[in-house]
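Here the structure is laid out as structure tokens; the discussion comes afterwards.
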Amino acid sequence: MSLEVDSHFIEKTNAVKKRHYKDDIIVEEGVISRFFYYLKQGDLCVYHFTEDGREFLQHKVREHTFFGEPATLLEKPFPGTVKVTSEEALVIKIERAKFMEFLSSHLDWNIDFMKTIAAKALGRSDALKNIIFQNPEEKILNLLNNYKKGKKGRNAYKINKKRNGTDARTNSRNSNKNH
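Count along the sequence shown starting at 1, add 110, and that's the number in my numbering.
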């Protein structure tokens, strides 16, 4: 489920459209944002940084969806750093106070917005359950099924992976375990 941000919404909330480019940071982990963000076009990823400074992918942001809304609603720190992963992305930025005012005067939008947040929470809960309780084969199958959600076209499900490359890595791992 996603909400479409249209010209009426942009006008009523004084939202700002901004084009970002590959590797631009939209918002950093730990920041308490005064803004809601909506990805109109492009690809974003949300990362955490480990104690040793490595990036750990939390999730990808799909087009036509809000991101970071729980943190902004609750005025809490962002749970991850949001970075552009496509060549460019169009992000709509809405001031929290204006957005809350819009929601209070547009009940249908308010309900749909709550449903999108609930759907995301349920999806994350299911993902966590799958990580904990599924065997490795089920985890891989579930990961691939989630990957292909929203993909279109004839080659949308094609994963370019040669069997011999997988064998070489598996053999390498197995030989390292034996030493």
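Note that beta-carbon positions come from the ideal geometry of N, C-alpha and C, so glycine has one too.
Residue i to residue j span [Cα, whole Å]
{"i": "P189", "j": "L167", "result": "12 angstroms"}
{"i": "K258", "j": "I221", "result": "28 angstroms"}
{"i": "L183", "j": "V192", "result": "17 angstroms"}
{"i": "G233", "j": "K249", "result": "15 angstroms"}
{"i": "V141", "j": "G178", "result": "11 angstroms"}
{"i": "K122", "j": "F212", "result": "7 angstroms"}
{"i": "Q244", "j": "V126", "result": "43 angstroms"}
{"i": "S215", "j": "R172", "result": "27 angstroms"}
{"i": "P180", "j": "F223", "result": "11 angstroms"}
As assigned by DSSP and simplified to three states, the class of residue i
{"i": "R206", "result": "helix"}
{"i": "P187", "result": "strand"}
{"i": "R172", "result": "coil"}
{"i": "H216", "result": "coil"}
{"i": "A251", "result": "It should be noted that the sequence gives Leu, not Ala, for residue 251. The answer is helix: DSSP assigns L251 an H, G or I state."}
Member of the options whose CA lies at the smallest distance from the CA of residue i
{"i": "K128", "options": "E198, S235, L184, D236", "result": "E198"}
{"i": "E114", "options": "W219, G163, K170", "result": "W219"}
{"i": "S143", "options": "H130, Q244, A207, I120", "result": "A207"}
{"i": "E138", "options": "K132, V156, I242", "result": "V156"}
Minimum Cβ-Cβ distance from residue i to chain D less than 7 angstroms
{"i": "P187", "result": "Absent from the structure is chain D; it holds one protein chain and no more."}
Assess, as a yes-or-no matter, whether the stretch 210–229 is touched by the stretch 188–202 under the definition of 3 or more beta carbon pairs within less than 8 angstroms. no
So, do the stretch 130–150 and the stretch 191–202 have three or more beta carbon pairs nearer to each other than 8 angstroms? yes
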